[in-house]
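Q:
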Amino acid sequence: MIRLDPNEISFPNPQHYDGHEGIIAFGGDLSVERIWFAYQNGIFPWFNPDEEILWWCPDPRFVLYPNDLKVSKSMRKILKSNLFTFTENKNFRDVIKNCREVDRKGQDGTWLSDELIESFVKLHDFGFAKSIEVWQKDQLVGGFYGLLVGKVFCGESMFAKVSNASKAGFIHFVETHKDQLALIDCQSHTEHLESLGATMISKKKFLKTLHENNERR
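Under the numbering used here, the first residue of the sequence shown carries the number 1117, and numbering increases by one thereafter.
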């Protein structure tokens, strides 16, 4: 793996460098500029707060094509029941804080450090990061956040305080924005997203799609 220079915003080219098990670099910093540059090039940070910053570009990549979204009959019934209401970018900070605090099966702690949260909040202020909130009455019961890189939404994390909240929010988001999105980057495999139609594609195919649909490059 390559150690990054904290004084220079650069990464190994993931199209030509495989790294180690998807990790292509370590170190550097969590500045807004570095994080945004990373996502524009298909790279994302994922690490334990007490360890070195690790930068990933896995092969294969877990993604969802919006037109491949699968909605079960039971979920369609829930969506039609108006059990939940949805907003966008209303409570970004609360969404990301809940993503950090929610208990996750098989995980001890979280990778969302205070520094990383503040960088994502700034990216939201700049219009690059967005949140989806799921409400029951006046209570925030689910949601997720990510970065929009051109027409590719890079999903970061989600949470749910009641059953089906995050799934309902994700379906609502995809169905609402499918005409504006070429791809949703789910990063790594989960059964939850696989059940909604996400699949594995090669890193090469993912990077090609990202670059072809990145209007801000």
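For every residue, glycine included, the Cβ atom is placed at its ideal position computed from N, Cα and C.
Please determine if the stretch 1238-1249 and the stretch 1175-1188 are in contact, where contact requires at least 3 C-beta pairs separated by less than 8 Å.
A: As far as the Cβ criterion goes, the stretch 1238-1249 does not touch the stretch 1175-1188, which means the pair count is below three.
Q: Report the three-state DSSP secondary structure of MET1191 (helix, strand or coil).
A: Here MET1191 sits in helix by DSSP.
Q: Which residues mark the beginning and the end of the alpha helix (DSSP H) in which ASP1241 is found?
A: 1230-1241 is the extent of the alpha helix (DSSP H) around ASP1241.
Q: Once DSSP output is grouped into helix, strand and coil, what is the label at CYS1270?
A: Correct three-state label for CYS1270: strand.
Q: Does ARG1119 come out as helix, strand or coil in the three-state DSSP assignment?
A: It is a strand residue.
Q: Note the first and the last residue of the continuous beta strand (DSSP E) segment covering VAL1179.
A: Counting along the chain, the beta strand (DSSP E) containing VAL1179 begins and ends at 1177-1180.
Q: Mark GLU1231 as exposed unless 16 or more other C-beta atoms lie within 10 angstroms of its C-beta, in which case mark it buried.
A: GLU1231 is exposed by the Cβ-count criterion.
Q: Is it buried or exposed, GLY1225, if we count other Cβ atoms within 10 angstroms and call 16 or more buried?
A: Bear in mind that the predicted position of GLY1225 carries a pLDDT of just 43, short of 50, making it unreliable; the figure below should be weighed with that in mind. GLY1225 comes out exposed.
Q: Would you kindly work out how many angstroms separate the C-alpha atoms of SER1126 and LYS1283, rounded to a whole number?
A: Straight-line Cα distance between these residues: approximately 35 Å.
Q: Determine the burial state of ARG1333: buried for a count of at least 16 other Cβ atoms within 10 Å of its Cβ, exposed for fewer.
A: Its pLDDT being 45, under 50, ARG1333 is placed unreliably in this model, and the value from its coordinates should be taken loosely. With fewer than 16 Cβ atoms within 10 Å of its Cβ, ARG1333 is classed as exposed.
Q: Could you tell me the alpha carbon to alpha carbon distance between LEU1239 and VAL1148, rounded to whole angstroms?
A: Rounded to whole angstroms, LEU1239 to VAL1148 spans 7 Å at the Cα level.
Q: In terms of DSSP beta bridges, what is SER1247 paired with?
A: According to DSSP, SER1247 bridges with TYR1261.
Q: With a Cβ-Cβ cutoff of 9 Å, do ILE1317 and ARG1150 count as a contact?
A: Not a contact, by the Cβ cut-off of 9 Å.
Q: Mind checking GLU1272: buried by the 16 CB within 10 Å criterion, or exposed?
A: Flag for GLU1272 reads buried.
Q: My output table needs one value for PHE1153: the three-state DSSP class, helix, strand or coil.
A: Reduced to three states, the DSSP call for PHE1153 is helix.
Q: Going by the DSSP bridge assignment, what does HIS1136 pair with across the sheet?
A: Answer by DSSP bridge pairing, in chain order: ILE1139.
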